[in-house]
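Written out below as structure tokens is the structure these notes cover.
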Amino acid sequence: MTYVVTENCIKCKYTDCVEVCPVDCFYEGDNMLVIHPDECIDCGVCEPECPADAIKPDTEPGLEKWLGVNAEYAKSWPNITQKKDSPADAKEHDGEDGKFEKYFSSKPGAGD
Ligand code: SF4
Ligand code: SF4
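Using this note's numbering, read the sequence shown as starting at 45 and increasing by one per residue.
So, in structure tokens, the structure goes:
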């Protein structure tokens with residue numbers, strides 16, 4: 045089992061989650077983060093820290109697509125362990141539908 049970052053992180057990217065992860069398994073893309081499924085120890089402490097409610101346990105149904113996104117991009121995006129400022133328009137995009145189709149970017153973020 046692992047926890048996964050899902051759609052509502054896109055363009056919100058508050059990064060509160062990275063500070064609490066005991067094994068530093070978050071990786072930064074251009075406009076979202078992902079969790080490395082082989083590094084996550086399933087502690088669950090990041091889930092309630094996410095203001096966008098974007099982190100879910102993979103035991104929830106319907107997360108296959110997001111498991112794939114997390115597993116694929118955790119291999120190439122840089123590690124992030126420290127909180128940074130969220131995008132200025134993060135609030136406007138919180139809860140928006142269809143974010144993956146509209147905004148997903150496979151480009152890496154800056155990392156720490
Ligand atoms: S706290 Fe939530 S919205 Fe922010 S980066 Fe982490 S998963 Fe994404
Ligand atoms: S569940 Fe624990 S180990 Fe996994 S990403 Fe969240 S804080 Fe890190």
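Positions of the beta carbon are idealized from the N, C-alpha and C atoms, including for glycine.
Assign residue i to one of two classes, buried (16 or more other C-beta atoms within 10 Å of its C-beta) or exposed (fewer than that).
i	result
I85	exposed
C56	buried
T103	exposed
G73	buried
E116	exposed
K37	As shown, the chain starts at 45 and ends at 156. That puts residue 37 outside it, with no answer to give.
A98	buried
M45	exposed
V89	exposed
A118	buried
Could you pull the start and end residues of the alpha helix (DSSP H) that residue i belongs to?
i	result
Y117	108–118
K135	134–137
K143	143–147
D129	It is not in any alpha helix (DSSP H) - D129 carries neither H nor E in the DSSP assignment.
D60	60–64
Output the boundary residues of the beta strand (DSSP E) element that contains residue i.
i	result
V48	47–49
Y71	70–72
V89	Note, V89: premise wrong, no beta strand (DSSP E); not H, not E.
K100	99–101
Can you tell me the Cβ-Cβ gap for residue i and residue j, rounded? I've got them flagged as a contact below 8 Å.
i	j	result
P105	Y47	With 8 Å as the limit, P105 and Y47 do not qualify as a contact, their Cβ atoms being about 15 Å apart.
Y58	P95	5 Å
Would you list the one or two residues that DSSP bridges to residue i?
i	result
V78	Y71
Residues proximal to ligand 2 by C-beta, any heavy atom closer than 7 Å: So the residues near ligand 2 by this Cβ test are T46, Y47, C61, V64, C65, P66, V67, C69, F70, I79, C84, I85, D86, C87, G88, V89, C90, E91, I99.
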